[in-house]
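To start, the structure under review is shown below, and the notes come after it.
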Amino acid sequence: MYEQVMIEPSISLETIARLYKLISEIPFFENAKISVIEVLPGGLTNSNYKVTINDVTYAVRLAGAGTMEYLNRPAEKHNAQVMADLGISALIIYYDETTGNQVCKYIDDSKTLHIKDFKEEHYLSMAAHVFRNYHESKKVFISEFNPLKEIDTYISLLAEKNFEFYEGAETMRKKIEDIREVFSTNPPSLAPCHNDPLCENWLDDKKNFYLIDWEYGGMNDPLFDLGALAIESELTDEQERFFLTEYFGGELTEKQLGSLIINKFLCDALWAYWAVLQIAMGKSREEYWPYGLNRFNRAYALVHNGSLDRALESNK
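Per this note's numbering, the sequence shown starts with residue 104, numbered consecutively.
Here is the structure:
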């Protein structure tokens, strides 16, 4: 008997074949029948799909080409499972640590958040409490995400590929070294961190508030998570203060405010280098060059207006 499969028209035949092959090779899905394949929005590194199998929905990730060069997939498998056990991330059905391909239970009836949602104190407060929940969980990730080391890796890969960076790179490198010097004498405490908490990585199903996609997860300064979300959700200074107050639960110190600025700088610098690396690895210059340039310019602004230097002084 013929059974129709509904597939979003934008999905290529090659991708459909990859999805079918992946599902067919997973023992959990033995004798499974796919009925719907849809594109999940977001994701610069990988491609993601909502696949309905035997009337149950799953989120399927096909890892991006070349990601094994700079991502620790075995560590992601461990770290994502830790967060799933805490109820913070989605249930993992399958993970291939040799490719990064992954299948998770799709969180049904959930809302994917966007920038405008984090303008509401309600969501800022919930995010602050989710961060604090896993930062203080005493769990240990098997990988470290050190932004300074990650930047070094990206710079080395760009040098190997003899690839250009944005004008003003020397100033950026100088400030990165200034941060390294401050951290060498006064290192921040480490905790399990997501390190890439885009607005679209947050899901609300009215029962739980989830943070998904842990491929950059690792032990890091917790303020990096907060700085990243502050950037991604385009918070005003007032909103940042509310967010930090919800996280720390009391009066803010100059060191805490300074740590946020340092980590905002590191976050934008990191993803600026990452964006140019994507181009060096063959991805679209039209997409990644302006994305990275926006990141670079925002980090540079913290240098230009003196905010970064003041923040470094408060953390010495």
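Note that the Cβ used here is the ideal one computed from N, Cα and C, for glycine as well.
Residue i (DSSP reduced to helix, strand or coil)
{"i": "T215", "result": "strand"}
{"i": "L194", "result": "coil"}
{"i": "Y350", "result": "helix"}
{"i": "N298", "result": "coil"}
{"i": "M68", "result": "For the chain, the structure presents residues 104 to 419; residue 68 sits outside this window and is missing."}
{"i": "P206", "result": "Inspection of the sequence shows that residue 206 is occupied by Val rather than by Pro. Strand at V206."}
{"i": "G395", "result": "helix"}
{"i": "E200", "result": "coil"}
{"i": "E239", "result": "coil"}
{"i": "E48", "result": "Any question about residue 48 goes unanswered here, given that the chain covers just 104 to 419."}
{"i": "E253", "result": "helix"}
{"i": "E247", "result": "strand"}
{"i": "L263", "result": "Residue 263 is actually Glu in this sequence, not Leu. Helix."}
{"i": "T274", "result": "helix"}
{"i": "E133", "result": "coil"}
{"i": "Y123", "result": "helix"}
{"i": "I114", "result": "coil"}
{"i": "L403", "result": "It is Tyr, not Leu, that sits at residue 403 in the sequence shown. The answer is helix: DSSP assigns Y403 an H, G or I state."}
Buried versus exposed, by CB contacts within 10 Å (16 or more), residue i
{"i": "S362", "result": "buried"}
{"i": "I218", "result": "exposed"}
{"i": "V163", "result": "buried"}
{"i": "F368", "result": "buried"}
{"i": "S113", "result": "exposed"}
{"i": "H238", "result": "buried"}
{"i": "R283", "result": "exposed"}
{"i": "Q205", "result": "buried"}
{"i": "L260", "result": "buried"}
Contacting residues, own chain, Cβ-Cβ under 7 Å from residue i (five flanking each side not counted)
{"i": "Y226", "result": "L216 and D220"}
{"i": "Y105", "result": "Confidence in Y105 is poor, its pLDDT being 44 and thus under 50, which makes the residue's placement unreliable; the coordinate value appears in the next sentence. Here the set comprises nothing."}
{"i": "E179", "result": "W317, E318 and G320"}
{"i": "V285", "result": "L415, N418 and K419"}
{"i": "D281", "result": "L415"}
{"i": "T160", "result": "K153, Y209 and D211"}
{"i": "R235", "result": "Y350"}
Close beta carbons around residue i, own chain, < 6 Å, minus the five adjacent residues each side
{"i": "D324", "result": "P291"}
{"i": "Y391", "result": "A378, Q381 and I382"}
{"i": "K242", "result": "V185 and P295"}
{"i": "F312", "result": "M229 and V233"}
{"i": "A402", "result": "F368, D371 and A372"}
{"i": "V139", "result": "M109 and T155"}
{"i": "D299", "result": "Y319"}
Proximal residues to residue i (C-beta, below 8 Å), its chain only, five neighbours per side dropped
{"i": "R121", "result": "L165"}
{"i": "T274", "result": "Y403 and V406"}
Cutoff 9 Å: residue i Cβ touching any chain C Cβ
{"i": "I195", "result": "Among the chains of the structure shown, chain C does not appear; only one protein chain is present."}
Could you give the uninterrupted runs of the beta strand (DSSP E) lying entirely in the stretch 138–188, keeping only those of 3 residues or more? 150–156 and 159–165
Can you give, in chain order, each stretch of the beta strand (DSSP E) that sits fully within the stretch 278–346 and has at least 3 residues? Those beta strand (DSSP E) runs which fall completely within the stretch 278–346 and span 3+ residues are 294–296, 305–307, 312–314 and 321–323.
Three or more C-beta pairs closer than 8 Å, one from the stretch 193–207 and one from the stretch 329–337: is that the case here? Contact between the stretch 193–207 and the stretch 329–337 is absent, because fewer than three Cβ pairs lie under 8 Å.
Between the stretch 344–355 and the stretch 247–263, can you find at least three pairs of beta-carbon atoms closer than 8 Å? no
With a floor of 4 residues, list each alpha helix (DSSP H) that falls wholly inside the stretch 347–391, ordered by position along the chain. 357–383
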